[in-house]
Structures are given as structure tokens and as C-alpha cells.
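Colleague: Below is one structure. I have some questions about it.
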Amino acid sequence: MAASILVLSSTAVADPSSLSASQESLLQNAAQAFAQGDYKPAAAAFPLLANTYMGAWVGYWSLQPRLKTLTQEQYQQYSAQFPDGVAHHLLRRQWLIQLAHRQDWNDFTTVYQAGNKPDLIQLRCDAFRDPALQSTSVVSPYFLWRSAPATDHSCNAMARDSLQQGLITQDQLWQRLQQMFTATAFTAARQFAPYLNGFAGGQLTAVIDHPDQWIQARIQQYDHISWPANSTRLLELALLRLAASQPALAVQYVTQLQALDSSQKSRVLYQAAFQATRSFRPSAGQWYQQAYTTDPQLHPRPEVLAWMIRTAIRDGRWAMVSTALSLMDNAQRQDRQWQFWKAVAHQKMGQIAQAKAEFSTLASPWTYYGQLSMAALGQSLRLDRVSPELEPVALAALPENDSERAAIKLYQLGLYYDALSAWDHVLKNLAGPSQIRAAAHMAFQQQAWLLGIHASSLIPDGGDWKQGYVLPYVGEISDAAMRTGLHRAFLAGLIRQESGFAFGIRSNVGAQGLMQVMPATAAWLQAHIPAAANADLHSIRGNLVLGSNYLSLQQQNFGGSELLAAAAYNAGPGAPKRWLRSWTGPTQGPWAGPIFTANIPYQQTRHYVQSVLTNTVIYAAILDHQAQDIWPHWQLTPGQ
Numbered sequence: 020m021a022a023s024i025l026v027l028s029s030t031a032v033a034d035p036s037s038l039s040a041s042q043e044s045l046l047q048n049a050a051q052a053f054a055q056g057d058y059k060p061a062a063a064a065f066p067l068l069a070n071t072y073m074g075a076w077v078g079y080w081s082l083q084p085r086l087k088t089l090t091q092e093q094y095q096q097y098s099a100q101f102p103d104g105v106a107h108h109l110l111r112r113q114w115l116i117q118l119a120h121r122q123d124w125n126d127f128t129t130v131y132q133a134g135n136k137p138d139l140i141q142l143r144c145d146a147f148r149d150p151a152l153q154s155t156s157v158v159s160p161y162f163l164w165r166s167a168p169a170t171d172h173s174c175n176a177m178a179r180d181s182l183q184q185g186l187i188t189q190d191q192l193w194q195r196l197q198q199m200f201t202a203t204a205f206t207a208a209r210q211f212a213p214y215l216n217g218f219a220g221g222q223l224t225a226v227i228d229h230p231d232q233w234i235q236a237r238i239q240q241y242d243h244i245s246w247p248a249n250s251t252r253l254l255e256l257a258l259l260r261l262a263a264s265q266p267a268l269a270v271q272y273v274t275q276l277q278a279l280d281s282s283q284k285s286r287v288l289y290q291a292a293f294q295a296t297r298s299f300r301p302s303a304g305q306w307y308q309q310a311y312t313t314d315p316q317l318h319p320r321p322e323v324l325a326w327m328i329r330t331a332i333r334d335g336r337w338a339m340v341s342t343a344l345s346l347m348d349n350a351q352r353q354d355r356q357w358q359f360w361k362a363v364a365h366q367k368m369g370q371i372a373q374a375k376a377e378f379s380t381l382a383s384p385w386t387y388y389g390q391l392s393m394a395a396l397g398q399s400l401r402l403d404r405v406s407p408e409l410e411p412v413a414l415a416a417l418p419e420n421d422s423e424r425a426a427i428k429l430y431q432l433g434l435y436y437d438a439l440s441a442w443d444h445v446l447k448n449l450a451g452p453s454q455i456r457a458a459a460h461m462a463f464q465q466q467a468w469l470l471g472i473h474a475s476s477l478i479p480d481g482g483d484w485k486q487g488y489v490l491p492y493v494g495e496i497s498d499a500a501m502r503t504g505l506h507r508a509f510l511a512g513l514i515r516q517e518s519g520f521a522f523g524i525r526s527n528v529g530a531q532g533l534m535q536v537m538p539a540t541a542a543w544l545q546a547h548i549p550a551a552a553n554a555d556l557h558s559i560r561g562n563l564v565l566g567s568n569y570l571s572l573q574q575q576n577f578g579g580s581e582l583l584a585a586a587a588y589n590a591g592p593g594a595p596k597r598w599l600r601s602w603t604g605p606t607q608g609p610w611a612g613p614i615f616t617a618n619i620p621y622q623q624t625r626h627y628v629q630s631v632l633t634n635t636v637i638y639a640a641i642l643d644h645q646a647q648d649i650w651p652h653w654q655l656t657p658g659q
């Protein structure tokens, strides 16, 4: 139908850098409809907006919600009119995914070859499945497969095709299955049973579903020592499977069975330790040590080594920190978090001068590990330097263009994630910190707080702290903090992490507003907290009332700890309660909080707590106009 095809417009616009009142209204309606998954207002408005600076985005809104029924002709029309830019990049990537899903390889080839190679590995795997593109690939299918997440549908489909074509060997299949089992991707691994030669294919399902029974049956068949080659490979997989749910039993088998070589035993022991430590089992540290002793040459995957250090600091096994660092590749070893814990280990082992030198290298007011390094050196956080004024020359040098206008407009329309994508494109094309500061200044002038904060975060060494730690709604935040007994710096630090002060932002799970309050949580608060009874989730003040009351409840429930309150706000109160019940690390002293935070099992919550409290210390220095002691914010058990 003609109405479903994007109509290219030649309508002239006197000034494409500005919008008339009627165009603003059309744009607003189109954006609101797009946010609800409706393309029709954008399609209707496109002829009147195509030649404005928002034309590419309106065209995108008219097509993206109907990708499942989109035609190549419609995509090509859009691509011809808007051959570059962020909106085109997003649509091209999503269209390639859709074409691969349809297995429409002819059109996939056309779109894939018409631009830069996509950065998504799933699309690179899809390209290898494309008969016309496979012969042009300079990367082997196995390299692509092993580089992808174990559950990636496209890369697993490519691997099955490649196995049928003989492009992936049996040894490579066994190696990838080993990776899948260590990633606990058992459902994905099951798909490859038909591709294993001999009897192994028929055994893989039993290994996944009933590893203990399978091991017992094989012991009776082969005894403890002499197993056929593929059976020892299956045995390793069975033990890796068992380690995911019964790590102690997997370790017991490793000590009893002689059929495995040292690298296989070590791999199972590392996996058992990795699974055990995230539920704070006391035996995890011993198993990590046993794994290393069994095969000191084996280098487990980075995540296992990260948790080896976290286990070591939890248990006070300070020498194990050095062991784990020696097994890391250089890129992982140089990460600030591991350099920080190396310094702590040196301090704990009495190597004070070396620890001080390492802390001095890391110390900075603007980062989590930088602040903790300052605290370890006995320094308070002081913002006594004057934040430099932005030179007029920097503002004048900032190129004003449609990309900037579009990013700001997307923000004003409430399409915050698209705004961030467009803003990133702007920032990548700027020449150094001065222009980035100028871009942040421009964003703040438009009250695009999230964009300004994001720009400021890219400036080395904190840049302009007045920009990076801007505090809009300070009156409302201070009032909410006073009414709920929160430190206003803590409330501000949490809001900065939750929403970047973008008051209309909505997460993909439905959390809303400055404090990203879930509707169900809001309803509970309105029913149980008199002060929140009439709070409007969608207004600035109402969202602050709801969020601050919920945060205050969490802080009260956890004895006044900002650390645990932040963790509960992010992961729900049940999670930190569960972690504390199982916690075997220190509970008192200055290091208890940072060590506990490092061992939070959820990566998102771990990063969240670190960011919130780093923000809190900086906002406290700004709001209180005095130097801040860093340690009190990190107490696991305040007052003890």
C-alpha cells in the first residue's frame, strides 16, 4: 500500500536549522507515538519534516516500529536520502538483523556491502552465513564463534552451518563446548550434540541433564584411571556441569579420578571455585589455590581471575592477589581495580612504601578507586581549586551543526537513549577537551543534563567539576532529603547515577523519572507511607518524594549504611540481606565496605554502588563547602 511506503519529499524549508510552530507540533506528536511503538504519525509528518535537521530521525521513527513488515525498497529509499548519520546507522543495523532472521541473503548482501562493516559480532556471524559474503571473509568461522557470547543465536547458527561444511574441526568443537560449559550455557551446548563424532554425540545430553549419574556409570565402565580419549573430554564437561550446581561434589570427583590430566583438573577446580565464591562459600579460596597448584600454567578466563582476587581480599589471602595478577593478560592486569587491590595487598603484607607509591599513582577525587586510594593515604577529598571558566574561544570553536541540534532535540522530546547515541556521535567528532567542555556547556544551557554529564565524563582528570557535578533541582532534592532524613549529597549522588537528572527518562523495565521508581514500588509507597500518599510518579517533586522515601526506608533497614541502602535500591532489599547472611568477609573496619562491594555478585549492582558513593563524596564536598572524609561513606556497619 502506498501509505506504508516512506515518501521522499522535495518540500523546501526556508531554514532547515529551525522548525516552525506547526513543525514542532508534528515532531512532538511523532516522537510520542514512536515511543509507544506507533509509526503512523511519523509517516504522516515526514513530508513536512524531511528536509529539516530532524528529517532522518522522523524517517527512522516511521520505519523502525515496523521492521518485521518492512521491505528492502522502503529501506533503500530511506538510505538514499539519509546515507549517513546516527539514525541511518541504527536502522541499518536493525534491518540487517531482520534480514538475517528472514535469511534473505540477497538483500543482506546489498545492505552489508553498502556501508562500513557492522561492529556487532552477531552480524559478522550472519555475514559468514551469507553465501555471497562467506568467501570474502578473512576471519575463520571458529574465530568468530569463540569470540561471541556462548548463547549468541547467530554465531551458533553459523557454527552449525560451518560444522556441516567441514569448516570447523572436531577439536575446535570440543574446545568451544568447554567454553560453553564454563559459561553455564548448557542449552546452547545441547544444540551441538549431533555434530560430535562417534558415541560422544549421544552422550552429551546425559552429561548435561544428569552429570552425576553419567559419571557414576562411566566409573563402573572404565574404573578411575583408563578412559578412552573422548570419554575423558566428556568427563571434563560433566564435571564442569556439576560444578555449576554442586561444586563440592565436582571437587571431590577431581581428587578421586585419575583419568583427567592436570589442565583438565585445574579447569574444573577453577570453575568450582568461581561458582562457589559468588555465594560466599568459605571453601572457594581453598579451591582457587588448589586449582593453581594443580596446573600453574593454566590461564583461566578473565572473569574467573577477577573473582579469584575478590575471593582473596574477602578471605585475607593477600598472596593470592599476586598469583591471580600473574595469570592475567597485560590488559586485564593494568585495570585500575586490580592495581588498587594489588596496592591493598602490599599494604596488608607490610610492604608499606610500595603500597603508598601505588596508591599515589591511583589517587584521584573523580573515580571510585581514586577516592579509596586517597583514603588509604589518609587524604580527605577537597575541592578547593577554582573550577576554570570556559574560554570564549572554546565556545566559538564549537561547530554548530545539525547533529548537535538533533541530539538536544531528541533529549527535549524525551527520547533519551537515542539522544545519547546522537550525542556520542557529536562528541567523537570534537577536537579535544576544550570542545568537549564547550559541548557540555551548550547541553547544560539547554537543560540537557544527562548529555552534559556524559560529555564531562570524557574529560581527563575530572575536567570541570562544576560541569561534571552539576546539580539541577537542588532545592527539591534538599527538601526531599530533609523530610526523609537522608544526606542530600547521598540523594543527589544516587539520582546522578539513576537518571543523570533526566526527569522524564524511563528504563526498559518501566522504572520512571529522576529516581527511576517502578510503578509497583510507587503504588506500595502511596499505600503505606502517608507522606507519599498523593505523590505523582511522573512529576519531579512527586518522583523525589517516592524515591527518597524508598531510599530512606532502605537506609533504616540496613542500620544507616549508605552502601547497603544503595545496593538495596538497585537490586531490591532481599539481595543484600541474602548476601549479608552468607558473608564470610570482614564486617568492621575501613576496608569492610569496599571488600564487600567488590564481592557483590551482580555486576550491575557492584558498579552502581561504586558510582553512587563516589558521586556522594563529591556532592558532599560541593554542598557542605568543606573537605570530606571518604571512609564514613563506605561503612558496612555504621557506628561500629
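Per my numbering, the very first residue in the sequence shown carries number 20; after that it's consecutive. In this text, a Cβ means the ideal position worked out from N, Cα and C, and glycines have one as well. Here the structure is a predicted model, which is why all the values come from computation and not from measurement.
For A639 versus Q647, is the C-beta distance shorter than 7 Å?
Modeller: The answer is yes: Cβ separation under 7 Å.
Colleague: Look up Q531 in the DSSP assignment and give the residues it is bridged to.
Modeller: Answer is R525, V536, bridged to Q531.
Colleague: State buried or exposed for Q132, treating a residue as buried only when at least 16 other CB atoms are found within 10 Å of its CB.
Modeller: Per the 10 Å Cβ criterion, exposed.
Colleague: Classify P60: buried if its beta carbon has 16 or more other beta carbons within 10 angstroms, exposed otherwise.
Modeller: Buried, by the Cβ-count rule.
Colleague: Over what stretch of residues does the alpha helix (DSSP H) that includes F101 continue unbroken?
Modeller: Where F101 is concerned, there is no enclosing alpha helix (DSSP H), given that its DSSP letter is neither H nor E.
Colleague: Less than 6 Å between C-beta atoms, sequence neighbours within five positions excluded: which residues of the same chain meet that for W650?
Modeller: Once the five neighbours on either side are set aside, the close Cβ partners of W650 are A394, P609.
Colleague: Return the Cβ separation of L477 and W442 in integer angstroms, given the expectation that the two are a contact with Cβ distance under 8 Å.
Modeller: No, L477 and W442 are not in contact; Cβ-Cβ is about 11 Å, not under 8 Å.
Colleague: Compute the Euclidean distance between the alpha carbons of V26 and A459, then round it to the nearest angstrom.
Modeller: With a pLDDT of 32 at V26, under the threshold of 50, the predicted position of this residue should be treated as unreliable, though the coordinate-derived value follows. So the alpha carbons of these two residues sit roughly 36 Å apart.
Colleague: In chain order, what residues of the same chain lie with their CB nearer than 7 Å to the CB of H365, ignoring the 5 residues before and after it?
Modeller: Excluding residues within five positions, the ones whose Cβ falls inside 7 Å are Q373, A374, E377.
Colleague: State the beta-bridge partners of Q647 as determined by DSSP.
Modeller: Answer by DSSP bridge pairing, in chain order: L400.
Colleague: Looking at C-alpha atoms only, which residue of L642, L599, A546, D138 is the closest neighbour of R300?
Modeller: Here the closest residue by C-alpha is L599.
Colleague: Once DSSP output is grouped into helix, strand and coil, what is the label at V412?
Modeller: Residue confidence for V412 is low, a pLDDT of 49 falling below 50, so the modelled location carries little weight and cannot support an answer.
Colleague: So is I227 in contact with chain D if we call contact Cβ pairs under 7 Å?
Modeller: Of the protein chains in the structure, only one exists, and it is not chain D.
Colleague: Does DSSP put R111 in a helix, in a strand, or in coil?
Modeller: Helix, per DSSP.
Colleague: Classify I478 as helix, strand or coil using the three-state DSSP reduction.
Modeller: Three-state DSSP puts I478 in coil, outside helix and strand.
Colleague: CA-CA distance, L572 and L139?
Modeller: Straight-line Cα distance between these residues: approximately 42 Å.
Colleague: Taking Q370 as the reference, give the member of A343, L82, L344, A338 with the closest Cα.
Modeller: Cα-wise, what sits closest to Q370 is A338.
Colleague: Using only alpha-carbon positions, find the residue among N349, A295, S345 that is nearest to W326.
Modeller: The option with the nearest alpha carbon to W326 is A295.
Colleague: I believe A64 touches L46 by the beta-carbon criterion, under 8 Å. Please report the beta-carbon distance rounded to the nearest angstrom.
Modeller: Between L46 and A64 the Cβ distance is about 7 Å, and since that is below 8 Å, they are a contact.
Colleague: Between which two residues does the alpha helix (DSSP H) containing K361 stretch?
Modeller: Element bounds for K361: 355-367.
Colleague: Just reading off the alpha helix (DSSP H) that W598 is part of, what are its end residues?
Modeller: Note, W598: alpha helix (DSSP H), 593-601.
Colleague: With DSSP as the reference, label G78 as helix, strand or coil.
Modeller: The answer is helix: DSSP assigns G78 an H, G or I state.
Colleague: In angstroms with no decimal places, state the Cα-to-Cα distance between L324 and S345.
Modeller: Going by the C-alpha atoms only, they are around 10 Å apart.
Colleague: Between L196 and the rest of its own chain, which residues show a CB-CB distance below 7 Å, the 5 nearest in sequence each way excluded?
Modeller: A208, F211, L256.
Colleague: Taking the alpha carbon of W76 as the point to measure from, which residue in L109, R320, K447, L400 has its own alpha carbon closest?
Modeller: Selected option, being the one with the closest Cα: L109.
Colleague: So, is Q283 buried or exposed, given that buried needs 16 or more other C-beta atoms within 10 angstroms?
Modeller: Buried: at least 16 other Cβ atoms inside 10 Å.
Colleague: CB-CB under 8 Å to A382, same chain, minus the five flanking residues each way: which ones, in chain order?
Modeller: So the qualifying residues of the chain are G389, S392, M393, L396, Q398.
Colleague: Rounded to a whole number of angstroms, what is the C-alpha to C-alpha distance between I637 and S453?
Modeller: Going from the Cα of I637 to the Cα of S453 covers about 23 Å.
Colleague: Report the residue from K596, N634, V631 whose alpha carbon sits nearest the alpha carbon of P620.
Modeller: Of the candidates K596, N634, V631, the one whose C-alpha sits nearest the C-alpha of P620 is K596.
Colleague: Write down the C-beta distance between Y627 and N568 rounded to the nearest angstrom, noting that I regard them as a contact closer than 8 Å.
Modeller: So it is not a contact: roughly 20 Å between Cβ atoms.
Colleague: Please work out which residues of its chain come closer than 6 Å, Cβ to Cβ, to D314, disregarding the five sequence neighbours upstream and downstream, and give them in chain order.
Modeller: Once the five neighbours on either side are set aside, the close Cβ partners of D314 are S281, S282, S285.
Colleague: In this structure, how does DSSP classify P160 when only helix, strand and coil are distinguished?
Modeller: Correct three-state label for P160: helix.
Colleague: Just how far apart, CA to CA, sit A667 and T155?
Modeller: With the chain represented from 20 up to 659, any question about residue 667 goes unanswered, as that position is not in the structure.
Colleague: Any chance the region 259-266 sits against the region 225-233, with 3 or more Cβ pairs inside 8 Å?
Modeller: Result yes; three or more Cβ-Cβ pairs closer than 8 Å.
Colleague: Considering only the alpha carbon of each residue, which of N618, G593, A594, G591 lies closest to G604?
Modeller: G604 has its Cα closest to that of N618, out of N618, G593, A594, G591.
Colleague: Among I548, Y272, L632, which residue has its Cα nearest to the Cα of L583?
Modeller: That would be L632, whose Cα lies nearest to the Cα of L583.
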